[in-house]
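Chains as they are written, first to last, in full-length UniProt numbering: chain A, 1 to 112; chain B, 1 to 379.
Ideal Cβ placement from N, Cα and C applies to all residues, glycine included.
Since we're looking at a predicted model, the values are computed, not measured.
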Amino acid sequence: MEKQEVYDQFKQLEGQIQEVLAQFTDLQAEMTQVFEQNAELEIENQHLRDLLRELQRDLPEAPETPQGLSKSRQILEKLYEEGFHVCREFYGTRRKQDEECAFCLEVIYRDQ
Amino acid sequence: MKFSINRAAFIKELNNVSRAISSKTTIPILTGIKIVASDAGLLLTGSNADISIESLIRADDPDIGLTIDEPGAIVLTARFFSEIVKRLPEQTMTVTVKDAFQTEITSGSAAFNINGQDANNYPHLPEVDAADSVVLSGAVFKELISQTVIAVSNQESRPILTGVHFVLADNQFLAVATDSHRLSQRQIELPTPSSAAFDVIIPGKSLTELSRMIGDDDSDVKMQFSENQVLFLLGDTSFYSRLLEGNYPDTSRLIPKDASTTVEFEAPELLAAVERASLLSHESRNNVVKLTLTPADNQVTIFSNSPDVGNVEEALDPKEITGDDLEISFNPDYMKDALRSFGQTTIRVAFTSALRPFTLVPTEDTSNFIQLITPVRTF
Ligand SMILES: [Zn+2]
Chain A
1 MEKQEVYDQF KQLEGQIQEV LAQFTDLQAE MTQVFEQNAE LEIENQHLRD LLRELQRDLP
61 EAPETPQGLS KSRQILEKLY EEGFHVCREF YGTRRKQDEE CAFCLEVIYR DQ
Chain B
1 MKFSINRAAF IKELNNVSRA ISSKTTIPIL TGIKIVASDA GLLLTGSNAD ISIESLIRAD
61 DPDIGLTIDE PGAIVLTARF FSEIVKRLPE QTMTVTVKDA FQTEITSGSA AFNINGQDAN
121 NYPHLPEVDA ADSVVLSGAV FKELISQTVI AVSNQESRPI LTGVHFVLAD NQFLAVATDS
181 HRLSQRQIEL PTPSSAAFDV IIPGKSLTEL SRMIGDDDSD VKMQFSENQV LFLLGDTSFY
241 SRLLEGNYPD TSRLIPKDAS TTVEFEAPEL LAAVERASLL SHESRNNVVK LTLTPADNQV
301 TIFSNSPDVG NVEEALDPKE ITGDDLEISF NPDYMKDALR SFGQTTIRVA FTSALRPFTL
361 VPTEDTSNFI QLITPVRTF
């Protein structure tokens with residue numbers, strides 16, 4: 001192969017790799033966004049349920065687990081364990097390196 | 001402008017003001033120290049984006065040997081100026097500003113000529129209102145800072161939590177900080193009744209810097225505010241810091257009201273045991289120690305384990321223990337910070353459950369100082 005040809009191929013390959021990398025980064029960002037949005041929606045849903053229950057006081061409270069968590073609190077606990085903040089402060093964002101969050105725990109376990 | 005001064009006294013104030021001066025500022029004139037000579041004495045100013053420090057060296061203080069020959073003002077590059085002053089040969093030195101801000105510094109037979117800048121171009125420090133102010137002894141204030149800044153967040157992505165939240169209401173002065181993993185709260189009833197009230201967030205870094213300037217002579221510290229600045233007055237030194245904007249989260253709800261297990265320890269003894277256990281936890285990926293409490297048998301054990309190195313188990317000696325059995329894991333570094341802040345005292349640790357934050361308070365005063373730590377979930 002001519003040297004020039006080798007250089008050209010390298011150049012071409014480099015361009016392709018960069019393009020793939022850019023796509024990869026975009027996809028990753030999009031995925032994170034979708035996950036965070038999903039978490040946000042679940043929390044929003046939870047808030048709406050709470051509000052609904054408050055508005056219709058006679059509606060029975062959801063069944064409780066042995067630990068005393070209502071159905072809706074369980075959902076928040078599950079989300080937290082999946083690695084998302086469920087607190088007002090960091091709402092729907094990822095818990096970096098599984099950091100524990102006192103605000104989240106208050107939302108999940110506070111006395112009813 | 002022309003003045004002569006005792007070098008040692010000058011260096012001391014120069015060092016204080018230099019704390020606020022950074023060579024990495026985006027505003028070139030702030031790499032300088034501003035010196036204003038007047039009949040009252042010398043006013044030195046240093047500043048960066050976050051803090052400003054202003055110190056007055058009084059002409060009537062005989063120990064300082066200050067003579068003002070000609071009033072005036074100049075800004076000199078702090079880095080050169082400090083180095084020069086520190087290396088001058090004699091006990092006294094003279095500074096003379098000549099044409100075009102050329103400044104001559106002489107001591108004995110050494111003479112430096114350096115370029116200065118027009119002091120009129122130096123930014124003005126904010127006007128601060130004396131209306132809502134708090135006066136505390138230096139020692140108390142220093143303690144309050146050291147007890148709360150440990151819990152400040154160092155993540156710039158959470159700007160509000162990088163500060164300490166100060167609230168004054170009904171004569172109660174409250175300082176609280178949390179990085180969401182732990183929380184530290186100190187409350188002080190003001191010695192003299194005050195109708196002042198405020199609610200502000202002061203950057204933790206500013207407080208650390210301030211605390212280094214509070215001397216051991218325990219003179220008072222006065223704290224007052226403007227729209228977006230706080231001013232601390234320490235004798236002839238004024239320390240300004242910007243305030244953090246925004247609302248601090250409601251932290252009172254984070255502190256559990258009831259406990260299902262409580263245990264009392266001598267803080268230094270528990271600290272020593274946690275330090276031993278953390279020797280191994282630090283070798284493990286998740287840095288966790290586990291506490292097992294069995295009140296019926298008056299037993300508390302601390303345990304830590306590193307898959308690569310080995311494990312450690314130690315039976316502790318609680319002074320008092322009541323409530324339910326409990327097994328709880330936590331980051332020992334948070335525990336160490338919290339325990340160090342108590343010093344030589346007995347503390348009460350109160351747990352609600354393995355999943356919820358627990359608290360530490362000194363037994364001699366259970367309501368004015370509280371540390372909270374969030375446990376680590378282990379599965
Ligand atoms: Zn959270």
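From the options, residue whose alpha carbon lies closest to that of residue i
| i | options | result |
| --- | --- | --- |
| Pro-203 (chain B) | B:Leu-233, B:Asp-333 and B:Thr-178 | B:Thr-178 |
| Ile-255 (chain B) | B:Val-349, B:Pro-62 and B:Tyr-240 | B:Val-349 |
| Leu-125 (chain B) | B:Asp-333, B:Leu-30, B:Ala-175 and B:Met-93 | B:Leu-30 |
| Leu-48 (chain A) | A:Leu-105, A:Ser-72 and A:Ala-29 | A:Ser-72 |
| Glu-54 (chain B) | B:Asp-60, B:Leu-43 and B:Asn-48 | B:Leu-43 |
| Asn-121 (chain B) | B:Ile-74, B:Ser-367, B:Ser-23 and B:Gln-371 | B:Ile-74 |
| Val-95 (chain B) | B:Thr-103, B:Asp-325 and B:Pro-89 | B:Thr-103 |
| Val-249 (chain B) | B:Ser-278, B:His-165, B:Phe-198 and B:Ala-130 | The amino acid at residue 249 (chain B) is misidentified as Val; the sequence shows Pro. Of B:Ser-278, B:His-165, B:Phe-198 and B:Ala-130, the residue nearest in Cα terms is B:His-165. |
| Ser-252 (chain B) | B:Leu-244, B:Leu-270, B:Pro-357 and B:Pro-193 | B:Pro-357 |
| Phe-303 (chain B) | B:Glu-227, B:Arg-58, B:Gly-163 and B:Phe-330 | B:Phe-330 |
| His-85 (chain A) | A:Ala-39, A:Glu-54 and A:Leu-69 | A:Ala-39 |
| Thr-148 (chain B) | B:Thr-359, B:Phe-351 and B:Ser-341 | B:Ser-341 |
| Ser-18 (chain B) | B:Asp-325, B:Leu-161, B:Arg-212 and B:Tyr-334 | B:Arg-212 |
| Asn-113 (chain B) | B:Ala-259, B:Arg-242 and B:Ile-84 | B:Ile-84 |
| Glu-42 (chain A) | A:Val-20, A:Gly-68, A:Tyr-91 and A:Leu-69 | A:Tyr-91 |
| Gln-74 (chain A) | A:Gln-18, A:Leu-105, A:Glu-89 and A:Arg-88 | A:Leu-105 |
| Ala-130 (chain B) | B:Gly-72, B:Asp-99 and B:Gln-229 | B:Gln-229 |
| Leu-25 (chain B) | B:Ser-47, B:Thr-67, B:Ser-38 and B:Ala-8 | Sequence check: residue 25 (chain B) is Thr here, not Leu. Comparing Cα-Cα distances from Thr-25 (chain B) to each of B:Ser-47, B:Thr-67, B:Ser-38 and B:Ala-8, the minimum goes to B:Ser-47. |
| residue 113 (chain A) | A:Asp-111, A:Tyr-109, A:Ala-102 and A:Thr-93 | A query on residue 113 (chain A) cannot be resolved here, the shown segment of chain A reaching from 1 to 112 and no further. |
Near ligand 1: residue i beta-carbon under 6 Å from a heavy atom
| i | result |
| --- | --- |
| Cys-84 (chain A) | Reading off the sequence, residue 84 (chain A) comes out as Phe, not Cys. Outside the cutoff, so no. |
| Phe-103 (chain A) | yes |
| Phe-351 (chain B) | no |
| Phe-90 (chain A) | yes |
Residue i - DSSP class collapsed to helix/strand/coil
| i | result |
| --- | --- |
| Arg-95 (chain A) | coil |
| residue 466 (chain B) | Any question about residue 466 (chain B) goes unanswered here, given that chain B covers just 1 to 379. |
| Arg-7 (chain B) | helix |
| Phe-24 (chain A) | helix |
| Glu-104 (chain B) | strand |
| Asn-171 (chain B) | coil |
| His-47 (chain A) | helix |
| Asn-120 (chain B) | helix |
| Phe-358 (chain B) | strand |
| Glu-80 (chain B) | It is Phe, not Glu, that sits at residue 80 (chain B) in the sequence shown. Reduced to three states, the DSSP call for Phe-80 (chain B) is helix. |
| Pro-62 (chain B) | coil |
| Leu-59 (chain A) | In this predicted model, Leu-59 (chain A) has a pLDDT of only 48, less than 50, meaning its place in the structure is not dependable; the value taken from the coordinates is given anyway. In the structure shown, Leu-59 (chain A) sits in coil (DSSP, three-state: anything other than H, G, I, E or B). |
| Met-213 (chain B) | helix |
| Asp-220 (chain B) | strand |
| Tyr-240 (chain B) | strand |
| Ser-70 (chain A) | strand |
| Pro-71 (chain B) | coil |
Inset, instruction - Take every Cβ of the region 132 to 143 of chain B, pair it with every Cβ of the region 218 to 232 of chain B, and state whether three or more of those distances are shorter than 8 Å. - result: yes
Legend entry - Stretch-stretch touch, CB-based, cutoff 8 Å, three pairs: the region 286 to 306 of chain B with the region 230 to 246 of chain B: no
Legend entry - Sufficient close CB pairs (3 or more, under 8 Å) joining the region 183 to 192 of chain B to the region 145 to 154 of chain B: yes
Inset, instruction - Please determine if the region 315 to 323 of chain B and the region 275 to 287 of chain B are in contact, where contact requires at least 3 C-beta pairs separated by less than 8 Å. - result: no
Legend entry - Validate contact between the region 6 to 18 of chain B and the region 93 to 102 of chain A using beta carbons, cut 8 Å, 3 pairs: no
Inset, instruction - Specify whether the region 264 to 275 of chain B and the region 167 to 177 of chain B touch according to this definition: at least 3 beta carbon pairs, one from each stretch, less than 8 Å apart. - result: no
Inset, instruction - Would you be able to state if there are at least three C-beta pairs under 8 Å between the region 64 to 79 of chain B and the region 24 to 40 of chain B? - result: With a cut-off of 8 Å, the region 64 to 79 of chain B and the region 24 to 40 of chain B count as touching, because enough Cβ pairs lie within range.
Inset, instruction - Starting from the N-terminal side, write out each stretch of the alpha helix (DSSP H) that is 4 residues or longer and does not extend beyond the region 262 to 337 of chain B. - result: 267 to 281
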